[in-house]
Amino acid sequence: MSHLDNSPPTPGKFKMDKSPYIHRLRLHGSLAKLTFWSFVFLGLILIFFFRSPSSNSLPSDPSRRSLRTYNWGGPAWEKRVRSSAKVRSRHGISVLVTGAAGFVGTHVSAALKRRGDGVLGLDCFNDYYDPSLKRARQALLERSGVFIVEGDINDAPLLSKLFEVVAFTHVMHLAAQAGVRYAMENPGSYVHSNIAGLVNLLEVCKNANPQPAIVWASSSSVYGLNTKVPFSERDRTDQPASLYAATKKAGEEIAHTYNHIHGLSLTGLRFFTVYGPWGRPDMAYFFFTRDILKGKTIPIFEGANHRTVARDFTYIDDIVKGCLASLDTAEKSTGSGGKKKGPAQLRVFNLGNTSPVPVTDLVTILERLLKVKAKRKITKLPRNGDVQFTHANISLAQRELGYKPTTDLQTGLKKFVRWYLSYYSGGKKASG
Ligand SMILES: NC(=O)c1ccc[n+]([C@@H]2O[C@H](COP(=O)([O-])OP(=O)(O)OC[C@H]3O[C@@H](n4cnc5c(N)ncnc54)[C@H](O)[C@@H]3O)[C@@H](O)[C@H]2O)c1
Numbered sequence: 007m008s009h010l011d012n013s014p015p016t017p018g019k020f021k022m023d024k025s026p027y028i029h030r031l032r033l034h035g036s037l038a039k040l041t042f043w044s045f046v047f048l049g050l051i052l053i054f055f056f057r058s059p060s061s062n063s064l065p066s067d068p069s070r071r072s073l074r075t076y077n078w079g080g081p082a083w084e085k086r087v088r089s090s091a092k093v094r095s096r097h098g099i100s101v102l103v104t105g106a107a108g109f110v111g112t113h114v115s116a117a118l119k120r121r122g123d124g125v126l127g128l129d130c131f132n133d134y135y136d137p138s139l140k141r142a143r144q145a146l147l148e149r150s151g152v153f154i155v156e157g158d159i160n161d162a163p164l165l166s167k168l169f170e171v172v173a174f175t176h177v178m179h180l181a182a183q184a185g186v187r188y189a190m191e192n193p194g195s196y197v198h199s200n201i202a203g204l205v206n207l208l209e210v211c212k213n214a215n216p217q218p219a220i221v222w223a224s225s226s227s228v229y230g231l232n233t234k235v236p237f238s239e240r241d242r243t244d245q246p247a248s249l250y251a252a253t254k255k256a257g258e259e260i261a262h263t264y265n266h267i268h269g270l271s272l273t274g275l276r277f278f279t280v281y282g283p284w285g286r287p288d289m290a291y292f293f294f295t296r297d298i299l300k301g302k303t304i305p306i307f308e309g310a311n312h313r314t315v316a317r318d319f320t321y322i323d324d325i326v327k328g329c330l331a332s333l334d335t336a337e338k339s340t341g342s343g344g345k346k347k348g349p350a351q352l353r354v355f356n357l358g359n360t361s362p363v364p365v366t367d368l369v370t371i372l373e374r375l376l377k378v379k380a381k382r383k384i385t386k387l388p389r390n391g392d393v394q395f396t397h398a399n400i401s402l403a404q405r406e407l408g409y410k411p412t413t414d415l416q417t418g419l420k421k422f423v424r425w426y427l428s429y430y431s432g433g434k435k436a437s438g
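For the sequence shown, the residue numbers in our numbering are 7 to 438.
Structure follows, in C-alpha cells:
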C-alpha cells in the first residue's frame, strides 16, 4: 500500500505542485480515493463469499453451480435423516452412502437397508447422464425407507451437519465422476468430485467423533497401461491411461495419507466393469442395448493388429456382496479429534469376475436376448483412455472378504435386459 500512497497520478503534475498546502490537499484526495476503492473492493469480496454456499469447495468448476441450489436443514429434515439412518437390527451398522442415487449406490443402499442397517444417502443428482434415472432410483429407495439428502460432497457444512445429527459408524463412498471418455470434455468434474470431494469428505470424517470406517470405490482403471493380466493389487499402478484413472489413483494415495496421519480406517475397492439392472446409460452394454433396439449401428472396438477388446464384466449383485463384506470386516478408525491414536486398517481389493469376455461376445448375447440382429461396425480403439483388456485377480478379496462372484455374463445380461425392457416399456423411453 505504501508505494501507492507515494505515487503521483502522473510524474509531470507532481513536479508543478510546489505549495505544501496544495500537496497535502492532493494527498488527502488520493487517500480518500484509495479508501473509497478499498471499500468497494472489500464489498465485492464480501458479496462473493456470502453468495458462495461453501468456501471450502474448488472454484472454477461447472458442476460447482449445483452447490448453490440445495436446500437442507430444519427439524423436519433432521427427523428424516435420523429415521433413515436408524439401525433396526441387533448388530446393525449406520452407513452414510454417498452417490446413493447412482447405479452401485442404489443397490448397496437397498441391500444394507434390507438387512436392518441404518442408511442415509447423499447425492448431487448431476446430469452426467439422464437425471430422471437417478430420480427413479431415488423413488425406489424411498419406498424401502432410505432418504437421499440432496447435496454435494464438497459441501463441508452439510457433511458436518450430517455427522452432527447421526454418529455414522461407516461411510460407503461411491459418489464420483465416473466414465473414461467424458474426461476429454469436462476434466474439471473429475477433479471436483474424485479429488476435492474425496478430500472434503475425509476431512469431515477425520474430525467426526467417533470417526467412521470408510469403504470407497476406486477402479480397475488404475492398472492403466502395460499391466500384465490378471491384474493383482500388488501390480504397479503408476501409468494411468486416462484422467479418470489418474484421479482414482490419486484417491488411493490420498486415502493412504489420511490413514497414516489421522488413523482413518480405509478400504478401496477396484471395481471391474459393473453391469446390471438400473445400470449406467454411458456404459457399452447399456447403450448397445438401446441402439440395437433402435436399429442403429454400434461401434465395436478392436486393438492394434485386430486384437480383441475384452472386459471382466462383473454383475452388480456380486459387487454388492463385496461392498457389504468390506463394510463388515472394516476395523474401527483409531483417531479422535483429528489425531491418530494408533495404526489403522488400510486395504485395497479387486472386485471383478475373473472371466474376461470379448465385447463381440457381449453383443452376440444381447442379440439373442433382444431377438434383434445388431448392425456392427468394427472400429479402432481410440486413444482416449480405454484399455484393451481387463482381468481381475481376486484371490485377496476371496481370502479376506470371502468374495466369490457367482453370476456369469449370460445370466446377468438376461436380468439386465428384462429390467431394461420393463423400465423403458418396450424401448419407447429409450430414445429420451
Ligand atoms: N460402474 C462401474 O463399472 C464402475 C467401475 C469402476 C469404478 N466405479 C466407481 O464406482 C462408483 C459408483 O459408480 P456408479 O457406476 O454407480 O456411477 P454413477 O455415476 O451411477 O454414480 C455416482 C453418483 O455420484 C453422484 N455424484 C457425483 N459427483 C458428486 C458430488 N460431487 N457430490 C455428490 N454426489 C455426486 C452422481 O450424481 C451419481 O448419482 C464410482 O466411484 C465409480 O467411479 C464404477
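Built from N, CA and C at the ideal position, the CB exists for glycine as well.
- Annotation: residue 323 to residue 332 spans about 14 angstroms, alpha carbon to alpha carbon.
- Beta-carbon to beta-carbon, residue 181 and residue 263 are separated by about 20 angstroms, too far to satisfy the 8 angstroms threshold.
- Proximity of the region 82-90 to the region 282-297 falls short of the contact definition, fewer than three beta-carbon pairs being nearer than 8 angstroms.
- Under a 10 Å Cβ-count criterion, residue 285 is classified as buried, with 16 or more other Cβ atoms of the shown protein chains found around its own Cβ.
- Contact annotation, residue 76 with residue 156: C-beta distance approximately 5 angstroms; criterion of less than 8 angstroms satisfied.
- By the criterion of at least three beta-carbon pairs nearer than 8 angstroms, the region 382-397 is in contact with the region 304-315.
- With a cutoff of 8 angstroms on beta-carbon distance, residue 220 and residue 266 are scored as not near each other.
- Ligand 1 has no heavy atom closer than 7 angstroms to the beta-carbon of residue 168.
- Three or more beta-carbon pairs separated by less than 8 angstroms link the region 368-386 to the region 297-307, which places the two stretches in contact.
- Looking at the DSSP output, residue 275 bridges to 223 and 355.
- By the criterion of at least three beta-carbon pairs nearer than 8 angstroms, the region 159-166 is in contact with the region 197-208.
- Judged by beta-carbon spacing, residue 238 lies beyond the 8 angstroms limit of residue 278, meaning their Cβ atoms are not closer than that value.
- Assignment of residue 178 by DSSP, reduced to helix, strand and coil, places it in the strand class.
- For residue 317, the secondary structure class from DSSP, reduced to helix, strand or coil, is strand.
- The nearest non-hydrogen atom of ligand 1 is 7 angstroms or more from the C-beta of residue 295.
- Between the region 405-425 and the region 369-380 there are three or more C-beta pairs closer than 8 angstroms, enough to call the two in contact.
- Distances from the alpha-carbon of residue 246 to those of 234, 126, 260 and 230 put 230 closest.
- With respect to residue 269, residue 346 sits close: the two C-beta atoms are nearer than 8 angstroms.
- A contact is defined here as three or more CB-CB pairs under 8 angstroms, and the region 144-152 fails this definition with respect to the region 181-191.
- Of all alpha-carbon atoms in 330, 342 and 412, the one lying nearest the alpha-carbon of residue 360 is that of 412.
- Residue 366 and residue 271 have their C-alpha atoms some 41 angstroms from each other.
- Taking residue 168 as reference, the option from 248, 215 and 328 with the minimal CA-CA separation is 215.
- Assignment of beta-bridge partners to residue 298 by DSSP yields no partner.
- In this structure, DSSP gives residue 94 a state outside helix and strand, which the three-state scheme calls coil.
- Nearest to residue 427 by alpha-carbon distance, out of 283, 100, 125 and 165, is 283.
- Between the alpha carbons of residue 119 and residue 318 lies a distance of about 29 angstroms.
- Looking only at 195, 355, 380 and 240, the smallest Cα-Cα distance to residue 300 is reached by 380.
- For residue 230, the shortest C-beta to heavy atom distance toward ligand 1 is 7 angstroms or greater.
- Secondary structure note for residue 197: it is in no alpha helix (DSSP H), with a DSSP letter that is neither H nor E.
- According to the DSSP assignment, residue 308 belongs to the beta strand (DSSP E) that extends over 303-308.
- Here residue 110 is near residue 280, since their CB atoms are less than 8 angstroms apart.
- In summary, residue 429 is exposed, with fewer than 16 beta-carbon neighbours lying within 10 Å of its beta-carbon over all protein chains present.
- By the C-beta density criterion, residue 257 is buried, having at least 16 other C-beta atoms within 10 angstroms.
- Apart from sequence neighbours up to five positions away, the residues of its chain that approach residue 94 with a beta-carbon distance below 6 angstroms are 122, ordered along the chain.
- With fewer than 16 other beta carbons inside 10 angstroms of its own, residue 377 counts as exposed.
- By the C-beta density criterion, residue 173 is exposed, having fewer than 16 other C-beta atoms within 10 angstroms.
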